[in-house]
């Protein structure tokens, strides 16, 4: 029998707090993947999209470095990708990310922001 996965809320709240401490002002958090589909297992990672103006002018590697620094202090398996709100609104994402944002991701900002 599969174990119930731990709640993603505390993990994402801790991650957002770590981002804030590193100077990233989070506008929105979108949950996708197994947790969004309510199919998560005990060993499932927590897939999120972080929307922040702090990512403006930064390339993918720079964004991943910023997100990775915040993850160092969060023991839960959070897997984050970052975009600006403008990129999402103007549909400036790859087809892969457009599909996730449009059809799978659910906003959880009010559940996890301090």
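In this note's numbering, the protein residues as written are 16 to 129.
Even for Gly, the Cβ is constructed at its ideal location relative to N, Cα and C.
Bear in mind that the values here come from a model prediction, so they are computed numbers and not experimental data.
Hey, residue i and residue j are a contact pair by Cβ (cut 8 Å); roughly how many whole angstroms apart?
i: residue 122; j: residue 43; result: 6 Å
i: residue 11; j: residue 62; result: Beyond the ends of the chain as shown, which are 16 and 129, falls residue 11; an answer cannot be given.
Which of helix, strand or coil does DSSP assign to residue i?
i: residue 97; result: strand
i: residue 89; result: coil
i: residue 79; result: helix
i: residue 123; result: coil
i: residue 103; result: helix
i: residue 39; result: coil
i: residue 46; result: strand
i: residue 108; result: coil
i: residue 66; result: strand
Apart from the five residues on each side of it in sequence, which residues of its chain come closer than 8 Å, Cβ to Cβ, to residue i?
i: residue 120; result: 45, 46, 47, 51, 64
Can you check which of these residues, the options, is closest to residue i by C-alpha distance?
i: residue 22; options: 32, 53, 31; result: 53
i: residue 24; options: 115, 113, 91; result: 91
i: residue 97; options: 40, 89, 29, 26; result: 40
i: residue 71; options: 110, 100, 117; result: 100
i: residue 82; options: 58, 128, 38; result: 38
i: residue 112; options: 36, 66, 128, 35; result: 66
i: residue 102; options: 128, 75, 87; result: 75
What number of angstroms, rounded off, separates the C-alpha of residue i from the C-alpha of residue j?
i: residue 125; j: residue 33; result: 17 Å
i: residue 3; j: residue 85; result: Only positions 16 to 129 of the chain appear in this structure, which leaves residue 3 out of reach.
Starting from the C-beta of residue i, find all residues in its chain whose C-beta is less than 6 Å away, skip the five residues before and the five after it, and write them out in chain order.
i: residue 29; result: 89
i: residue 60; result: 92, 94
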